[in-house]
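Here's the structure we're looking at; comments come further down.
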Amino acid sequence: MGNAFITRRAGGGGGLSATDALLRVQAPAGSTVTITKGGTTKTDAGHENADDHTVYDYYFIIHASQFDGVNPWTVTATLGGESASDTVIIDSADEYDVELSFRVPSTYQEVEFLESTGSQYLVLPTTSDLIFSGSTKFLVVTNVNYSALFGSGPNSTSTTVSGSYGLIIGGAGTPSRRFQYSNHYNTNVSASSTGVEYTLSFSTESGSQSYTLNGTTYTDTQTGTISTLAPYLFAWNYNGGVKTGELPKVRVYNVTLYGAGGSKIIECVPCYRKADSVAGMWERVTETFLTNDGSGTFTVGSDV
Amino acid sequence: MKTIYLDSNFMCHLENDQGRTAVETDAFDGLVDEAIPYYRYIPEGEEWTDKKGRVIHGVFVQATDSNAIDRATQQAYISDMQNALAILGVTE
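Written as structure tokens, this is what we have:
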């Protein structure tokens, strides 16, 4: 919550009175933001820094005569052919916030994270490119031995064979947490702590593994090859299957994977589908909504 | 499987009270009880309209305050550890 928001309310600037509501819309800088309800339309547009991908606050004053406890305002932001929209009911002289981003289509609601309870997983899109690097942010809710955040391999029982790649976060095995690439993995990585947010980036493109976790970098020799078998997310793909006892209880905020030369292969954004509230990941490269291939229901974080 | 109690906004509670509905679910298995009140749980076949006027369909599980959930979880782990040490006769 920025100071500008509070100052403007307190000072009554811009024609705001004590009986008005103030709507703040957070959208990418440079967007044209429009709010509509019935025959009423208000627009705020322009603002600088359209190219720096910052988020800008767009303000709208709603007078008391326009309060409505039933019919929502539709809030839409457009920029460069992309658009995002949401709705908000404004029924009192209060302050309202709407955040819009273009990371998911307007028929989906982006959320802070997607969390598994030990029985959910996603099948990521099949790709003809090998995965060489990537990044993710996650938090282990409860430790599950041998569980994987993501991964894939040609063997139906083992993760430590040639052709495998992925991130093991479970608390058993040697080492208990490792980034597996072909038949090599780091040997000096400690176990994941529960309740701690981890930011991981990894690269295998330079001929060795480079694995950075919360600022600490581990390296290992990279040899062998990996398959193009698509990794699972919230699970390890054991040549087309999963081990149900090894599915993690983990919170995932984002996952991005790259091929040779840094070409983006997969970018997952946590969200749920507005029409039926089904939770999943919006995969931005293939523009695909990935839903649970396991059982039960993913837990979602707060709306973004 | 746990029994939780839902208020009119489908927020979870550990105790029953007037107007609350008892529901059995495995959605919170493995979770410490202290974290459960920070979740919204909409059972299958139920609907809830959020403050944006959007209808949310069950089954839907949402962490409404992840920081509070993490604090409750950590505190429970610490308490468990202290209890285990006390059983072993280890005191501060």
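Protein sequences, first through last, are from chains A and B.
Take the first sequence: its letters are residues 1 to 304, numbered as in the numbering used here.
Take the second sequence: its letters are residues 1001 to 1092, numbered as in the numbering used here.
We treat Cβ as the ideally placed atom computed from N, Cα and C, and that holds for glycine.
inquiry  = Per DSSP, what are the beta-bridge partners of residue 326/A in this structure?
reply    = Only positions 1 to 304 of chain A appear in the structure, and residue 326/A is not among them; the question remains open.
message = I need the boundaries of the alpha helix (DSSP H) containing residue 1085/B, first residue and last residue.
response = Counting along the chain, the unbroken alpha helix (DSSP H) around residue 1085/B starts and ends at 1066-1087.
task = Compile a chain-ordered list of the residues in the region 1075-1089 of chain B whose CB is closer than 9 Å to at least one CB of chain A.
result = Contact residues of the region 1075-1089 of chain B toward chain A are 1077 (C-beta to C-beta distance below 9 Å).
task = Would you decide whether residue 184/A is buried or exposed? Buried here means 16 or more other CB atoms lie within 10 Å of its CB.
result = Buried, because 16 or more other Cβ atoms sit within 10 Å of the Cβ of residue 184/A.
inquiry  = On the criterion of 16 or more Cβ atoms from any shown chain inside 10 Å, does residue 30/A qualify as buried, or is it exposed?
reply    = With 16 or more Cβ atoms within 10 Å of its Cβ, residue 30/A is classed as buried.
key: Residue range of the unbroken beta strand (DSSP E) whose run includes residue 292/A   = Premise fails: residue 292/A is in no beta strand (DSSP E) and is neither H nor E.
message = To be precise: take each residue of the region 117-140 of chain A, compare its Cβ to all Cβ atoms of chain B, and keep it if any distance is under 9 Å. Which residues remain?
response = The region 117-140 of chain A vs chain B, Cβ under 9 Å: 117, 118, 119, 139.
ask   = What first and last residue would you give for the beta strand (DSSP E) that runs through residue 1047/B?
value = From DSSP, the beta strand (DSSP E) with residue 1047/B extends over 1047-1049.
ask   = If the cut is a Cβ gap below 8 Å, which residues of chain B does residue 297/A touch?
value = Those within 8 Å of residue 297/A in chain B are 1027, 1059, 1060, 1061.
ask   = Counting contacts by CB-CB distance shorter than 7 Å, is residue 1066/B in contact with chain A?
value = Interface residue, yes.
ask   = Do you know offhand how far residue 227/A's Cα is from residue 113/A's?
value = The alpha-carbon separation between residue 227/A and residue 113/A amounts to approximately 29 Å.
contact_flag[the region 1075-1088 of chain B, the region 106-121 of chain A] where n(CB pairs < 8 Å) is 3 or more = Judged by Cβ distances under 8 Å, the region 1075-1088 of chain B makes no contact with the region 106-121 of chain A, as fewer than three pairs qualify.
key: For residue 166/A, the three-state DSSP class (helix, strand or coil)   = It is a strand residue.
key: C-beta neighbour in chain A for residue 1056/B, strict 7 Å   = So yes, residue 1056/B belongs to the interface.
request  = Give the single residue among 42/A, 297/A, 266/A, 247/A whose Cα lies nearest to the Cα of residue 279/A.
outcome  = Of the candidates 42/A, 297/A, 266/A, 247/A, the one whose C-alpha sits nearest the C-alpha of residue 279/A is 297/A.
query = residue 247/A and residue 122/A: beta carbons closer than 7 Å?
reply = Going by C-beta atoms, residue 247/A is not nearer than 7 Å to residue 122/A.
query = Going along the chain, which residues of its own chain have a beta-carbon closer than 7 Å to the beta-carbon of residue 1006/B, five neighbours each way excluded?
reply = Contacts found: 1012, 1020, 1021, 1023, 1041.
key: Buried versus exposed, by CB contacts within 10 Å (16 or more), residue 92/A   = Under this definition residue 92/A is an exposed residue.
message = Mapping the DSSP letters down to three states, classify residue 65/A as helix, strand or coil.
response = Taken through DSSP and simplified to helix, strand or coil, residue 65/A comes out as helix.
Buried or exposed (CB count within 10 angstroms, at least 16 for buried), residue 216/A = Exposed is the call here.
request  = State the start and end residues of the unbroken beta strand (DSSP E) segment that holds residue 1033/B.
outcome  = No beta strand (DSSP E) contains residue 1033/B, which DSSP labels as neither H nor E.
request  = For chain B, find out if any of its Cβ atoms is closer than 7 Å to the Cβ of residue 87/A; answer yes or no.
outcome  = Taking Cβ atoms only, chain B reaches closer than 7 Å to residue 87/A, which makes this a yes.
ask   = If you compare alpha carbons, which of 302/A, 244/A, 285/A is closest to residue 263/A?
value = Checked all of 302/A, 244/A, 285/A; the closest Cα to residue 263/A is 285/A.
key: Contacts around residue 1060/B, its chain only, beta-carbon distance under 6 Å, and the 5 residues preceding and following it disregarded   = 1042.
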